[in-house]
Amino acid sequence: MRELIDKLARTRSLSADEYERFVAVRTPELAAELAGRAREACERVYGDAVFARALIEISNVCRNDCYYCGIRRSNQDCARYQMGSEQVMACAQEAWRAGFRTFVLQGGESPALTDAWLCSLVRDLKASFPGCAVTLSVGERSRDSYRRLREAGADRYLLRHETATPAHYQQLHPAAMSFHARMECLRNLRELGYAVGVGFMVGSPFQTPARLAADLKFIERFKPEMCGIGPFVPHHGTPFASEEAGTVDLTCYLLSLIRLMHPAVLLPATTALEALKPDGRERAIGAGANVVMPNVSPAALQGSYELYDRKPVSEKTAFQKWAELERKLAPLERRLVIDRGDAAEPSPKE
Ligand code: 5AD
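For what it's worth, the numbering used here labels the leading residue of the sequence shown as 1, then goes sequentially.
Rendered as structure tokens:
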């Protein structure tokens, strides 16, 4: 496999079969080797910097019924909320003072998240916090809507592709949702000039090594600025309640492969990792991740934005979260930086 690692690092491309082999032959030794190479690749582009994003969960109302997600429409057991603009601005204010320069507004696909409301919020954020970046993560919308939000100042958009295999997409979502629509949204976002984030869950039901290889191949071709991957964690109120969770090990392994194929991609150490292992996020940094996205939503609401069971809830302030992350990164010889944390230009191949 050493030769295949070299080939990936050198050409930044493998065949689907080769990616599948990586998944099939994973050993702790191979994982450690890949993690070391991925970390070096990351440090060559970003040095010792880790970027911070303030995650604000603006609404858990959702019209969709994804089989894996705790805020799916059919989950009656979920206290629905929508934050007010002032509440969002207050969260952002505290996060800004603590050092965060990117705000991620994340929410379900709620009819209350109108273009007018979101555009005015984006404008407010950009005007109140000069130099900040605004990332939106509010699901599938029309091209016109994406255009208006972009014109209002949104810089980035996170929309996980969930799986690059259409048949798998249909096993994770009801018929009303389509792989085709998801891809069209991603194309629109890119054309409108957003920095785009894709991603998928590791260990989702019906995932196979071949399907993971297709995800890696998709990421290789699409060249997203960001890629969020985290383990699938079952939620008790969903059709996938008794499915098995994904693992931190496989997630870290895939992060390393993605880092080697795209040395400049922004890779968050996702919260779902922390839900499974207390040191999950640090392990991801050790495997090539370079972004952390602590939740700065009001503590009282955090429990209701429950995509999966065991999701960590923390009463800590944005200041305390910043300090805690700095402390955890120090032993990894990484430092949290006060910076928007845009993706670097892809460097020329070796
Ligand atoms: N486990 C892990 N991740 C999940 N997501 C939704 N539900 C779960 C779950 N049960 C992820 C999806 C979605 C993102 C916002 O959260 O990939 O795109």
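Where is the CB? At the ideal position from N, CA and C, for every residue including glycine.
| Query | Result |
| --- | --- |
| With hydrogens ignored, establish whether the beta-carbon of Ala272 is closer than 7 Å to any heavy atom of the ligand 5AD. | yes |
| In angstroms, rounded to a whole number, what distance separates the CA positions of Ala52 and Glu324? | 12 Å |
| I need the DSSP call for Tyr67, collapsed to helix, strand or coil. | coil |
| Under the DSSP definition of a beta bridge, which residues are partnered with Pro268? | Val291 |
| Looking at the unbroken beta strand (DSSP E) that takes in Val56, where does it start and where does it end? | Checking the displayed sequence, the identity of residue 56 turns out to be Ile instead of Val. That run of the beta strand (DSSP E) goes Ala54 to Ser59. |
| Let me know if Lys349 comes out buried or exposed under the rule of 16 or more other beta-carbons within 10 Å of its beta-carbon. | exposed |
| Report the start-end ranges of each beta strand (DSSP E) in the stretch 130-214 that is 3 residues or longer and not cut off at the edges. | 133-137, 156-158 and 195-202 |
| For the ligand 5AD, is there a heavy atom less than 7 Å away from the beta-carbon of Cys252? | no |
| When DSSP labels each residue in this structure, what does Gly36 get in the three-state scheme? | helix |
| Just checking my contact of Phe397 with Glu243 at CB under 8 Å: how many whole Å lie between their CB atoms? | Any answer about residue 397 is impossible in this case: the structure gives the chain only from 1 up to 350. |
| Using the rule of at least 16 other Cβ atoms within 10 Å of the residue's Cβ for burial, across every protein chain shown, is His180 buried or exposed? | exposed |
| Go to Val122, then tell me how far its alpha helix (DSSP H) extends in each direction, as first and last residue. | Asp115 to Ser128 |
| Could you give the first and the last residue of the continuous alpha helix (DSSP H) run that contains Leu260? | Val248 to Met261 |
| Could you give the residue range of the alpha helix (DSSP H) that holds Gln93? | Ser85 to Ala98 |
| Measuring only between beta-carbons, confirm whether Pro278 sits less than 8 Å from chain B. | The chain inventory of the structure shown lacks chain B, comprising one protein chain alone. |
| Would you check whether the ligand 5AD has a heavy atom nearer than 7 Å to the C-beta of Met201? | yes |
| From the DSSP output, which residues share a beta bridge with Met1? | Looking at the DSSP assignment, Met1 forms no beta bridge with any residue, so it has no partner. |
| Specify the secondary structure class of Gln302 as computed by DSSP and reduced to three states. | helix |
| With DSSP as the reference, label Ile285 as helix, strand or coil. | helix |
| Straight-line CA distance for Leu189 to Gly70? | 26 Å |
| Hey, quick one: how far does the alpha helix (DSSP H) through Phe22 stretch, first residue to last? | Ala16 to Ala24 |
| Please identify the residue among Gly303, Pro239 and Leu267 whose C-alpha is closest to the C-alpha of Pro174. | Pro239 |
| Report the start-end ranges of each alpha helix (DSSP H) in the stretch 304-330 that is 4 residues or longer and not cut off at the edges. | 318-329 |
| If I'm right that Ile229 touches Leu254 with Cβ under 8 Å, what's the distance once you round it to whole angstroms? | 6 Å |
| Determine the direct distance from the alpha carbon of Val138 to that of Gln87, and round the result to whole angstroms. | 18 Å |
| What does a CB cutoff of less than 7 Å around Leu276 pick up in its chain, not counting 5 residues either side in sequence? | Pro231, Val233, Ala245 and Val248 |
| Leaving out five residues on either side along the sequence, give the residues of the same chain with a beta carbon under 6 Å from the beta carbon of Leu192. | Tyr146, Arg147 and Arg150 |
| Can you give me the C-alpha to C-alpha distance between Cys227 and Gly131, rounded to a whole angstrom? | 23 Å |
| Determine the DSSP secondary structure at Ile338, reduced to helix, strand or coil. | coil |
| Give the straight-line distance between the Cα atoms of Glu74 and Tyr305, rounded to the nearest whole angstrom. | Here residue 74 is Ser; the residue named in the question, Glu, does not match the sequence. Looking at the two C-alpha atoms, the distance is approximately 15 Å. |
| What is the DSSP secondary structure of Pro28, counted as helix, strand or coil? | helix |
| Between the C-alpha atoms of Ala176 and Arg182, what's the straight-line distance to the nearest angstrom? | 12 Å |
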